[in-house]
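J.: Under UniProt numbering, the letters of the sequence shown match residues 1 to 649, in that order.
Glycine residues also receive a C-beta, built at the ideal position from the N, C-alpha and C atoms.
My questions will all concern the structure given below.
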Amino acid sequence: MTPDPAAQPKTFAASEEFAAQANATAELYTRAEEQGEEFWADQARELLTWSTPFTEVLDWSNPPFAKWFQDGTLNAAYNAVDRHVAAGNGDRVALYFEGEPGDSASYTYAQLKDEVSKAANAFEALGVGKGDRVAVYMPMIAEAVITMLACARIGAIHSVVFGGFSADALRSRIEDGEAKLVVTADGSYRRGKPTTLKPAVDAALEKGGDSVQHVVVVKRNGEDVAFQDGRDVWWHEVTENASTEHTPSEQNAEDPLFILYTSGTTGKPKGILHTTGGYLTQAAFTHKNVFDLKPETDVYWCTADVGWVTGHTYIAYAPLVNGATQVIYEGTPDSPHRGRFWEIVQKYGVSILYTSPTAIRTMMKWGEEIPGEWDLSSLRLLGTVGEAINPEAWTWFHRVIGGGRCPIVDTWWQTETGAMMISPLPGVTAAKPGSAQVPLPGIAVDVVDDAGTSLPNETDGFLVVRKPWPSMLRTIWGDDERFVNTYWGQFGDKYFAGDGAKRDADGDVWILGRVDDVMNVSGHRLSTPEIESALVSHPSVAEAAVVGAKDETTGQAVFAFVILSDQATAENRDAAELAEEIRAHVGREISPIAKPKKVLIVPELPKTRSGKIMRRLLKDVAEDRPVGDVSTLADQTVMQQIVDSLGAK
Ligand code: WTA
């Protein structure tokens, strides 16, 4: 008999055993409510080790520029590594590295302390010091984490650029941050083949990036790479004889920790700036309570890449600050086989798994027999991030991967928020598939209309944060004005997240996706204008418009509508071949993740009388729906022309 869907529970409470041992308690909400900012001060004192204790909690005298714990000092790397060794936990494994080809390595906290110290000494010997920017362009190898912590140790500001980004994307980020040092690798492994990174660094620096004095190169796959004398040095050579002794730089709580670029609503990526004390406080608090971390016994694995914020907060910082044992994996989920994730879970006895809805939907497609071949009984908690998880994927994850026993936390947050903001607390909140549910203790979110007025339940609106939070972005690097306009311009005293949301009848928050020109493909943020400008930089393209269309696996998929240049039209080339060439061009200009799923060559684009492209109508075409209201178009026949031109192919 097939189960009656109406008889299925609407929510999933954790088992009594889980709830009895959970770190989080309902009392956290009441305490946060009663204590206000002091709640965060307690967390900061309890979860971090300060060199100078702070006396001031929050300075919000100059909004939206927040200062948390500003008269305290601490060092992030000391908190992530040294203090665990000092507390007698030096022998605990900090990192299990699993390479894509199957090689592996592990680092205890004591070993990690030595490696981070050596790298810190090596970077200082190369002239890098407090406040200098270091661009990190690396695969998912232990050295990526070591580099980030070494920067934090000396007070340098890391700017990690996802290893899949193009040379141009890397160059613009190096230039915006005026990086002094670049840390990279010869390459990595991807789907069984060696890939390279160093050539992209060379290409980036050939065209600019004049601030860069040195490039440190980790030997990962032994690919032949060019070296520029005086500039480029091997990681193993500069760290080999470096001392394992290094005194961490004493950082002010508000000293910058890192810059991370994210797509915005214009073509120029935004350098999101995070500082030290508040960021680490919320990172550690959420990691401990949302993941129910027990550092002595859990094995934690977050499948993100350090190139994204998830890899910063929930790989490089929070787990280590909390003294956890974690796995990092270099490769893809299907290499060398489609059971790779589950093989890793079995091999290391992973108990907490944090991944993306896209990965889950992909594995659903591959079939449940694949995870069924592995022992997943070590898992006790599952988490998702990056996009909304549809209830089908949620229930599959719960049943097939979690064996029906693991609580799932659907965590909403952003590069800008630095750490989780909305999520169930396992053992406290009964999970509701598809909803990120409730703001975390100490976080004040709201759903408002376009005038900023709070909306009742069951009404669609905009997601905002009403009060400053410790891990909030402090500014956009070098552009305070853009920071103010982008996030505070809309509602003045409330942070505008860029997401649509609604609260259901129970008051639980459902995230409805971006309301701006940002698309979310496989949990990656892509900017509409950035892809459009890559498209028009192809000689055959005269004009382009991009939309994010619903996609079963990736959440959204990029559809590009292009008008050909006169010359390309005259050449009368095979449309499919040309479309493929244009797709590849975007891949090269930005990154393979930005490649449109489809490039559709059309005779015209729908524009209003003032020349604004009406992407909403193109989205109708991409999602295969009847085209909506065309009355505001300058030429009302355009949509018909587009539909006809596509139908004819
Ligand atoms: C989306 C990733 C629904 C959202 C940590 C947000 C989500 C953007 C969720 C931030 C979730 C992230 N449910 N949507 N649980 N988590 N998003 O900066 O649109 O890469 O604004 O940070 O991802 O993406 P970012």
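(1) Excluding the 5 residues preceding and the 5 following E115 in the sequence, name in chain order all residues of the same chain whose CB lies nearer than 6 Å to its CB.
(2) Given a cut-off of 7 Å, decide if L382 and G402 are closer than it, judged by their beta-carbon atoms.
(3) Can you find a heavy atom of ligand 1 that lies under 6 Å from the Cβ of I593?
(4) Specify the secondary structure class of K294 as computed by DSSP and reduced to three states.
(5) In the segment 3-86, which residue ranges form an unbroken alpha helix (DSSP H) of at least 4 residues, counting only runs that do not cross its ends?
(6) What's the C-alpha gap between V438 and R173?
(7) Cutting at 6 Å between CB atoms, please list the residues of its own chain near P5, excluding the five before and the five after it.
(8) Under the assumption that E250 contacts N75 (Cβ atoms under 8 Å), give the Cβ distance between them as a whole number of angstroms.
(9) For D480, which of helix, strand or coil comes out of DSSP?
(10) Which same chain residues, not among the five before or five after G209, have their C-beta less than 7 Å away from its C-beta?
(11) Counting C-beta neighbours from all protein chains within 10 Å, is the total for N485 16 or more, i.e. buried, or is it exposed?
(12) Do S106 and V85 have their C-beta atoms within less than 7 Å of each other?
(13) Under 7 Å between the Cβ atoms of R503 and V447?
(14) For a minimum of 3 consecutive residues, which ranges assigned as the beta strand (DSSP E) are wholly contained in the segment 570-645?
(15) Please classify A560: does DSSP put it in a helix, a strand, or coil?
(16) How far does the alpha helix (DSSP H) with W366 in it reach, from first residue to last?
(17) Between T275 and ligand 1, is the CB less than 6 Å from at least one heavy atom?
(18) Using only the heavy atoms of ligand 2, determine whether one of them is closer than 6 Å to the beta carbon of Q414.
(19) Classify N79: buried if its beta carbon has 16 or more other beta carbons within 10 angstroms, exposed otherwise.
(20) Heavy atom of ligand 1 less than 6 Å from the Cβ of T310, yes or no?
(21) Look at the Cβ atom of A125, then the Cβ atom of H246, and state whether they are nearer than 7 Å.
(22) Do you know offhand how far N221's Cα is from P199's?
(23) Which residue from R466, T429, W488 and S533 puts its Cα closest to that of D26?
(24) Between the alpha carbons of A203 and P433, how many angstroms are there, rounded?
(25) Is G164 near ligand 1, going by C-beta to nearest heavy atom under 6 Å?
(26) Just checking N520 against ligand 1 - is the residue's beta carbon closer than 6 Å to any of the ligand's heavy atoms?
(27) Give me whichever residues DSSP pairs with N520 in a beta bridge.
(28) With a threshold of 6 Å (Cβ to nearest heavy atom), would E100 be considered close to ligand 1?
(29) With 16 other CB atoms within 10 Å as the buried threshold, where does H287 fall?
(30) Starting from H246, follow the beta strand (DSSP E) in both directions and report where the run begins and ends.
(31) What number of angstroms, rounded off, separates the C-alpha of S522 from the C-alpha of I511?
(32) Would you kindly check if the distance between the Cβ of V536 and the Cβ of A622 is under 7 Å?
(33) Got a sec? Which residues, its chain only, sit under 6 Å from T554 by beta carbon, not counting five neighbours each side?
(34) Just to confirm before moving on: does the CB-CB distance between A568 and A557 stay below 7 Å?
(35) Taking 6 Å as the cut-off, is the CB of G386 close to at least one heavy atom of ligand 1?
(36) State the Cα-Cα distance for the pair G418 and I259, rounded to the nearest angstrom.
T.: Looking at the atomic coordinates:
(1) I146
(2) yes
(3) No, the beta carbon of I593 sits no closer than 6 Å to any heavy atom of ligand 1.
(4) Coil.
(5) Runs of the alpha helix (DSSP H) inside the segment 3-86: 16-21, 27-35 and 37-47.
(6) 35 Å
(7) Low confidence applies to P5: its pLDDT is 48, below 50, so where it sits in the model is not reliable, and the reading given next is rough at best. So no residue of the chain qualifies.
(8) Yes, they are in contact, since the Cβ atoms of E250 and N75 sit about 6 Å apart, within 8 Å.
(9) When secondary structure is reduced to three states using DSSP, D480 falls in the helix class.
(10) Contacts found: R171, I174 and E175.
(11) exposed
(12) Not closer than 7 Å, so no.
(13) yes
(14) 598-601
(15) strand
(16) Residues P357 to W366.
(17) no
(18) Ligands in the displayed structure: ligand 1; ligand 2 is not one of them.
(19) buried
(20) yes
(21) no
(22) 14 Å
(23) Correcting the residue identity first, residue 26 is Ala in this sequence and not Asp. Among R466, T429, W488 and S533, the Cα nearest to that of A26 belongs to T429.
(24) 46 Å
(25) no
(26) yes
(27) R525
(28) no
(29) Looking at its Cβ environment, which holds 16 or more other Cβ atoms inside 10 Å, H287 is buried.
(30) Neither: H246 is in no beta strand (DSSP E) and is coded neither H nor E.
(31) 16 Å
(32) no
(33) Correct list, in chain order: T358, V521 and S522.
(34) Using a Cβ distance threshold of 7 Å, A568 and A557 do not count as a contacting pair.
(35) yes
(36) 11 Å
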